[in-house]
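Remarks on the structure that follows.
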Amino acid sequence: MENRWYIVLVFVLFYGSLQAQDFQGKAVYFSKTQVDMDFGNRQMPEDRKKEIMERIKKANEKTFELNFNQTESIYEEEEQLEQPGGRQGGRGPRFGGMSGTDGDLYKNIKDQRYLVKNELLGKIFLVDDELEKLDWKLESDTKQIGNYTAFKATATKTIKRTNMRAIFRRPNRDNEEEKKEEEFTIKEVEVVAWYTPEIPVNQGPSTYWGLPGLILAVSDDITTIVCSEITLNPNEKIEIKAPSKGKKVTQAEYDKISQEKMKEMRENFRNRGGRGGGRPQ
Numbered sequence: 083m084e085n086r087w088y089i090v091l092v093f094v095l096f097y098g099s100l101q102a103q104d105f106q107g108k109a110v111y112f113s114k115t116q117v118d119m120d121f122g123n124r125q126m127p128e129d130r131k132k133e134i135m136e137r138i139k140k141a142n143e144k145t146f147e148l149n150f151n152q153t154e155s156i157y158e159e160e161e162q163l164e165q166p167g168g169r170q171g172g173r174g175p176r177f178g179g180m181s182g183t184d185g186d187l188y189k190n191i192k193d194q195r196y197l198v199k200n201e202l203l204g205k206i207f208l209v210d211d212e213l214e215k216l217d218w219k220l221e222s223d224t225k226q227i228g229n230y231t232a233f234k235a236t237a238t239k240t241i242k243r244t245n246m247r248a249i250f251r252r253p254n255r256d257n258e259e260e261k262k263e264e265e266f267t268i269k270e271v272e273v274v275a276w277y278t279p280e281i282p283v284n285q286g287p288s289t290y291w292g293l294p295g296l297i298l299a300v301s302d303d304i305t306t307i308v309c310s311e312i313t314l315n316p317n318e319k320i321e322i323k324a325p326s327k328g329k330k331v332t333q334a335e336y337d338k339i340s341q342e343k344m345k346e347m348r349e350n351f352r353n354r355g356g357r358g359g360g361r362p363q
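Residue numbers (the numbering used here): 83 to 363.
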């Protein structure tokens, strides 16, 4: 109970002081997602399997930058340097990631909406939808993250993810309906977040928000995001600009289009028999 009163007091004091200034900040996060890949009975060389798994692992270890003020934020993936062997860096695919988005994520806490520009099938889509409001439960646990005291919060979230194992598994010709069910999974997971009222903004990484302080770390069943660096009120003013180009769709519409693309990837892989040029793009 004492911890909760401390949270409220700190939030009120800091928030009151921020009203008199154009408060801004920047936070750097490292995101890591585990991918459960099943190659089934595919006759694939072990070194090829290892190469695929390594590429998927690297594609799901990312560094992001969150620029924020009191009402808006933009969550951007940091560009990577050129890889050894001439492979370019940049932004690779993310499989089963926490946010379900690949582009720069803009959040407006006041309007409770988000925008994200994604490229898919050579087309630009602008996802425009309502922010999900989780029923956060404030816990009494605390821990130190960098220079900040962080408080624990938990929530239950329903997540729909593409089942990557379905791409590499042989089709079940005896039961087509079972095969379709394997294309994605829907389940409820516990989300654990750590936030600090010392930075009293309702912002956080990915699509997360709504706590009395900046979210410094958050995890679900497969993804962990942790803040490694924070800069408050930098000398150079931060421009937070919502994306505006692309075909406007809801998240549900974009998810449907993405699933069609995933089916295409699966069929292409199976037609090649899992060999020769079957690398994920």
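Ideal placement from N, C-alpha and C gives every residue a C-beta, glycine not left out. Here the structure is a predicted model, which means the values were calculated and not measured.
Burial state of residue i, where buried means 16 or more other Cβ atoms lie within 10 Å
| i | result |
| --- | --- |
| residue 204 | exposed |
| residue 170 | At residue 170 the pLDDT is 43, less than 50, meaning the model places this residue with poor confidence; the figure from the coordinates comes in the next sentence. Under this definition residue 170 is an exposed residue. |
| residue 104 | exposed |
| residue 334 | exposed |
| residue 185 | buried |
| residue 350 | exposed |
| residue 228 | exposed |
| residue 302 | buried |
Residue interval of the alpha helix (DSSP H) (run including residue i)
| i | result |
| --- | --- |
| residue 136 | 128-141 |
DSSP state of residue i mapped onto helix, strand, coil
| i | result |
| --- | --- |
| residue 350 | helix |
| residue 235 | strand |
| residue 303 | coil |
| residue 214 | coil |
| residue 337 | helix |
| residue 318 | coil |
| residue 323 | coil |
| residue 342 | helix |
| residue 284 | coil |
Span of the beta strand (DSSP E), counted from its first residue to its last, around residue i
| i | result |
| --- | --- |
| residue 197 | 195-202 |
| residue 190 | 187-190 |
| residue 156 | 154-159 |
| residue 109 | 106-115 |
| residue 332 | Here residue 332 belongs to no beta strand (DSSP E), and DSSP marks it neither H nor E. |
| residue 222 | 219-227 |
When the options are compared against residue i, the one with the closest alpha-carbon
| i | options | result |
| --- | --- | --- |
| residue 142 | 313, 272, 115, 108 | 115 |
| residue 210 | 347, 303, 336, 348 | 336 |
| residue 221 | 227, 237, 213 | 237 |
| residue 195 | 344, 126, 214, 207 | 214 |
| residue 305 | 324, 155, 272, 348 | 272 |
The ligand MG heavy atom lying under 8 Å from the CB of residue i
| i | result |
| --- | --- |
| residue 214 | This structure simply doesn't include the ligand MG, nor any ligand for that matter. |
Expected contact under 8 Å - CB spacing of residue i and residue j to nearest Å
| i | j | result |
| --- | --- | --- |
| residue 147 | residue 108 | 6 Å |
| residue 313 | residue 295 | That pair is no contact at about 17 Å. |
| residue 292 | residue 187 | Residue 292 to residue 187, Cβ: 15 Å. No contact. |
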